[in-house]
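Protein sequence lines correspond, in order, to chains A and B.
For the numbering used here, count along the first sequence from 1 and bump the result up by 203.
For the numbering used here, count along the second sequence from 1 and bump the result up by 203.
C-beta: ideal position from N, C-alpha, C; glycine also.
Since we're looking at a predicted model, the values are computed, not measured.
Note sheet for the following structure.
2 protein chains.
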Amino acid sequence: MKKIYLADIPLEDAQKRFQTALEEAGLWQTLGAEQIPLDENAIGRVLIETVWAKISSPHYHASAMDGFAVRAEDTHGALETAPISLSCGSVAVYLDTGDPLPDWADAVIPIENIEPLSADGNISDDPRHPQIIRIRAAVSPWSHVREMGEDMVATQLVLPFGHRLRPVDLGAAAGCGYDKLDVARRPKVAVIPTGTELVYPGDPLKEGDIIEYNSIVLAAQVNGWGGAATRFENIPDDFEKIKTQVVQAAGEFDLILLIAGSSAGSEDYSSQIVEQSGELLVHGIAVRPGHPVILGIVKKDGKSTPIIGVPGYPVSAALTADIFVEPLLGKWLGRSPFHPHTIPAEITRKVNSRAGDDEYLRVAVGYIGDKTLAAPLSRGSGVITSLVRADGLVIIPRGIQGLQAGEQVSVQLLRSIEELKNTIFVIGSHDISLDLLSQFLAPCQRRLASVNVGSLGGIMALKRGETHIAGAHLLHPESGEYNLPYIQEHLPGMALRVVTLVGRTQGLFLAKGNPKKIQSLEDLIRKDISTVNRQRGSGTRLLLDFHLKQLDIQPESVNGYDHEEYTHLAAAAVVASGRADCALGIEAASYALDLDFLPLFTERFDLLIPEEFVLGELLKPLFELLEDPRFRNAVDTRPGYDVSEMGQVVAVLSGTE
Amino acid sequence: MKKIYLADIPLEDAQKRFQTALEEAGLWQTLGAEQIPLDENAIGRVLIETVWAKISSPHYHASAMDGFAVRAEDTHGALETAPISLSCGSVAVYLDTGDPLPDWADAVIPIENIEPLSADGNISDDPRHPQIIRIRAAVSPWSHVREMGEDMVATQLVLPFGHRLRPVDLGAAAGCGYDKLDVARRPKVAVIPTGTELVYPGDPLKEGDIIEYNSIVLAAQVNGWGGAATRFENIPDDFEKIKTQVVQAAGEFDLILLIAGSSAGSEDYSSQIVEQSGELLVHGIAVRPGHPVILGIVKKDGKSTPIIGVPGYPVSAALTADIFVEPLLGKWLGRSPFHPHTIPAEITRKVNSRAGDDEYLRVAVGYIGDKTLAAPLSRGSGVITSLVRADGLVIIPRGIQGLQAGEQVSVQLLRSIEELKNTIFVIGSHDISLDLLSQFLAPCQRRLASVNVGSLGGIMALKRGETHIAGAHLLHPESGEYNLPYIQEHLPGMALRVVTLVGRTQGLFLAKGNPKKIQSLEDLIRKDISTVNRQRGSGTRLLLDFHLKQLDIQPESVNGYDHEEYTHLAAAAVVASGRADCALGIEAASYALDLDFLPLFTERFDLLIPEEFVLGELLKPLFELLEDPRFRNAVDTRPGYDVSEMGQVVAVLSGTE
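Here is the structure:
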């Protein structure tokens, strides 16, 4: 019977075991060199030998100007009122910039500082070839001369080994006499995806299929770190096929990345294959996300090849490569490991973490007012967008149970600080018009980070000072007013401006063709009709409550009122699967699932903005876009959107009320 | 007659003129799209279309574990003491991780949480295929289910246009239904070097030849910024040949970079070619280094192609590309311009700058104690190593005459802060053993920045708190003691440690074969012998003074005593050119110029280190290396070096004396 439970070992133990095995196999060192031509393709390669200057640069004393080579001492005493004349040929010779200085000369007088004379003492009409030059100022030795070795002196250190070549480095190496460079050869990495459920991007999809893209991400990472990745075809969960492929790859490659399928047992396949074809060092590491990592050595014909069994979940896969592949490639190439830029920040909410694991938490980083905040993103190991959105990583080390809200943490940045400081946070309810806004902001050097936590969640984020803007469409059931009653309740005393973004249509998702003939909200009380609701605190639920009240419909009489979903799409999906007949939501979600849509109401989606940000530079381009016909038009052409009130200031709350 | 003087215009005027002309030609916008396969080669490409999710990910409700699909409500009431049994097939179905959830189910129970039973109620030996499962805890809806759209919801924004693709982005795009991507096509850039004096790297060299590497640096820059560079062969200074090549390139490329030769008139060639084949917009820009930049448009068969005349000096060339090419490629690709990370720092010395120019000053950045210092590097436009060594750029804007020592400046970083914080500064006299030390420090995550300002210059840098270490070999002519008398004079009260680095041999550089039969220092008074001296404050000059005094030789009786050179190599070069017969210096410099060498004295080269740094983490690896046999051996095998006293503490000055 297969093992179901893994015994995870701590990350540093796993790293140590792997390194020791590589040391024993003679593989914990640079892999080898190759000589390449010194041209633009050398960029990013790592020097395996020191570049000592072979020749000086300049390799001779060179004129730095178009002018005349002279002996400085011959010019002593020359004055505006007492010029000195020098005969060309013997004590003055014309040089173009870059020409070698004659041995007898030690200075150059720029051509614009001489008077060119012919033999008869008149001004010559060829300033470069006169008989005599007349000068009215002395020059000091070595003026306007580029001395030999000014840039580089033969034998000096120019570039150290282990250096990753940049454009100017190539110039320096060429300038000191190189036309080839000895660089570390690129480690060859086999990337092998396995799993019967895998399909290629673009293949037709059925339920249960997984689009295989881990191999693309891993190959791109490997190439970016200086390796040379080869992606293999997807292999189904067939023990012998996978084993054959692994053993064959061990002969040709320096490293094998074997990506486990997600179905039961595929990871056990990996570990058994490693066990049978070499040595299994580690199976399971106490790191999240990542867990079922396998480390081993495959042996073939006396050659040892390290193998890393990479978990199939995409975040686990990418982080496993960060943790194990990047440093190994660095070692093989002889360069230093990458050091991410690290900044202190305040974590926005409590995070529980298993004390036994090192956790790599993805965070969004916000510069909000005078605070630097790290907001945890989805922790799911299947949520690749958590890495796409991440501004940084917070490592919660083993032995720590988690983080308290407000705790100081260290964030390894994945974006530049400049980019982060130009990021506008919008937290709360999400709308597609915010995505469009983000597109229009990009050319204005602004990034928009939108975090979907529902309208009320956005108001609470404002209260805690964690966002520049909250997006909200909260209809107050008693007053029929949008947002303001909730602001008064939760944000008393905050100086705040409420600006309308859009009006948008809410309506009912219906099965294709509307088989139950649902015509209005009143149909929700029909006994043959079931619905699905949104979670408490969401704007859509409040909208439903308001209209049910208007129609004097009791929630209890609505079949499915207590069935809660957390997003428009989740609600639509329930309708698509036939588990409910209808659900209230926005039109866009009906398109996503190819449902019919019955438009019912227009609601107002507002931006809530503290006054301290209203006047700042950061939001200026945003306010300009709300007036920009191109942006308005882009929103207006989406079905279900009304931009007539866009940019209207609904309220200015002074904060002293 | 050719123009000799340029009328430089301000940088922003030049940029505006260029942009306006490109706008009029319809070229100030993205150049166009191409569709590429979604694979690892898409890295670094810029999206020209927004990636909206085509499908949700997961595209179905998927089991997150190996386990049994159930209806959560069927598990209500299950307790340790009151288990519930569910029949497999109807209300419980086994799923592998990733399998689709049946429509009727809304939760998964992990396999390790069930008891598998056969029909007779006994434990089944196939936990994945029992007849009945028994559970002892209830589950909540959607537990252990990856809901459809957990990662991405169809129609949502996944990646904005203008985004430069990273590895994880490829995963996200594949996961939401893409197998191809629309990206900006790479702008084609012709890089054309001109100049009769140019030779290729590796070609034999004679005086006056220039090794052409600007085209390599420019091509590497262009490729790094997302363009596709083509390097042309060197063209001699032949007006018609250059013009023919430019006009031909205008038909095939999006941008032409025409690199001027350094000889007289070659830059005028460029401007005249642009004038004759299109429109000359700018000739000469008030920016240093850079000056003679040319901007224009070449017109051929109705197609307009921008052309940039790039100055031939390598620093000017690289910075011209930074200023004009990078933003243009950014515009054409539809991505944001790069934003360098900028930090505040204190400039270490007064810098004069022409008020009419924007100056791009290269600086070394040092974290010394609690100060962040920016030390100006060579300002020569021919000194490519100033860009290799530069940690950052300080822009001195027009209208400012320069900077005062200690003034606060803003530095655009070229290296990461982490790297800079791990940098050890050694200022003062330079020695090749410091280059070797730098090599040995690299694997210890330390960078050594060595700045050569002479021994006394190093002591003054310590005094101003601008370095971690000073390198000095100052012999006191009166006492015959090294360094300590100078420390007592210039650094009274500083807590300081003096540690010996090496002993090294000083001697006389002699013409090959020693034609004048120079045998000792006494020969310097021979009437047929001339020498060359080093500058005041240099250790080598003090060494000469000491030994002349010992020999009772008056400086006046030494022919050439007043002829000063600033480096060992410059002095050796005077000997090599025959302008002097000998000069005192270190052995390595004689090798660089293929001279004979007469060894005379061993001198002590010390490291002077303030106590505050002696105990810090930064210098720890350095102290370890001074004891490391591998490092000692690497120095020892160099001719003229003695490591027997390496690491010996010569003095500990308490600072209270």
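For Asp561(A), there is no enclosing alpha helix (DSSP H); the enclosing beta strand (DSSP E) covers residues Asp561 to Ile571. In this structure the segment 408 to 425 of chain A does not touch the segment 369 to 385 of chain A; the number of beta carbon pairs closer than 8 angstroms is below three. Rounded to the nearest whole angstrom, the C-alpha separation of Pro363(B) and Asp277(B) is 44 angstroms. Those residues of the segment 348 to 367 of chain A placed with their C-beta closer than 9 angstroms to a C-beta in chain B are Arg349, Glu350, Met351, Gly352, Glu353, Asp354, Met355, Val356, Ala357, Thr358, Gln359, Leu360, Val361, Leu362, Pro363, Phe364, Gly365 and His366, ordered along the chain. Here the alpha carbon of Thr708(B) sits roughly 16 angstroms from the alpha carbon of Thr770(B). For Phe442(B), the uninterrupted alpha helix (DSSP H) segment begins and ends at Phe442 to Glu455. Three or more beta-carbon pairs drawn from the segment 617 to 631 of chain B and the segment 536 to 544 of chain A are found closer than 8 angstroms, and the two stretches are therefore classed as touching. Residues of chain B whose Cβ lies closer than 7 angstroms to the Cβ of Glu410(A) are, in chain order, Tyr263 and Pro303. Here Glu622(B) carries a helix assignment [DSSP, helix/strand/coil]. Comparing alpha carbon positions, the residue from Ser857(B), Cys647(B), Arg538(B) and Pro824(B) closest to Cys647(A) is Arg538(B).
Under a criterion of Cβ atoms nearer than 8 angstroms, no residue of chain B is adjacent to Pro579(A); the nearest Cβ is some 16 angstroms distant.
Excluding the 5 residues flanking it on each side, Phe800(A) has same chain C-beta neighbours closer than 6 angstroms at Gly710, Glu790 and Ser793, in chain order. Within the segment 730 to 761 of chain B, the complete beta strand (DSSP E) runs of at least 3 residues fall at 734 to 737. Counting only runs of 4 or more residues that sit fully inside the segment 804 to 833 of chain B, the alpha helix (DSSP H) segments are 814 to 817 and 823 to 829, in chain order. In chain order, Asp560 and Glu562 place their CB closer than 6 angstroms to the CB of Arg491(B), counting only its own chain and leaving out the 5 sequence neighbours on each side. At least one CB atom of chain B sits nearer than 8 angstroms to the CB of Gln648(A). Between the beta-carbon of Arg565(B) and that of Ser584(B) there is about 11 angstroms, and that puts the pair past the 8 angstroms contact cut. Our two residues, Leu531(B) and Gly247(B), have alpha carbons roughly 17 angstroms apart in a direct line. In the DSSP assignment, Lys257(B) falls outside any beta strand (DSSP E), carrying neither H nor E.
Those residues of the segment 742 to 756 of chain B placed with their C-beta closer than 7 angstroms to a C-beta in chain A do not exist.
Between Ala341(A) and Ala281(A), the alpha-carbon positions lie close to 5 angstroms from each other.
Cα atoms of Ile419(A) and Glu318(B): separation of roughly 40 angstroms, rounded to the nearest angstrom. For the segment 222 to 256 of chain A, the beta-carbon criterion of a distance under 7 angstroms to any beta-carbon of chain B is satisfied by Leu241, Asp242, Glu243, Ile246 and Thr253. In this structure, the straight-line span from the alpha carbon of Val348(B) to that of Ala265(B) is close to 6 angstroms.
Exclusion of the five residues before and after Lys715(A) leaves Asp797, Leu798 and Asp799 as the residues of its chain whose Cβ lies within less than 8 angstroms of its Cβ.
Residue-level contact by beta carbon holds for Asp306(B) and chain A, with a gap shorter than 8 angstroms. Interface flag for Asn426(B) against chain A is set, since a Cβ pair is found closer than 8 angstroms. Between the beta-carbon of Val705(B) and that of Ser636(B) there is about 5 angstroms, and that keeps the pair under the 8 angstroms contact cut. According to the DSSP assignment, Pro688(B) belongs to the alpha helix (DSSP H) that extends over Leu687 to His693. A check of alpha carbon separations from Phe221(B) across Ile338(B), Ile239(B), Leu484(B) and Ile251(B) identifies Leu484(B) as the nearest. Between the C-alpha atoms of Lys446(A) and Gly512(A) there is a straight-line separation of about 13 angstroms. Close partners of Tyr794(B) in chain A (Cβ separation under 7 angstroms): Thr358. At a Cβ-Cβ threshold of 8 angstroms, Glu767(B) and Leu678(B) do not count as neighbours. A straight line joining the alpha-carbon of Gln359(B) with that of Phe435(B) spans about 46 angstroms. Cβ-Cβ distances below 7 angstroms link Gly430(B) to Arg389, Pro390, Val392 and Leu532 in the same chain, with the five nearest sequence neighbours on each side left out; the list follows chain order. Secondary structure of Val477(A) (DSSP, three-state): helix.
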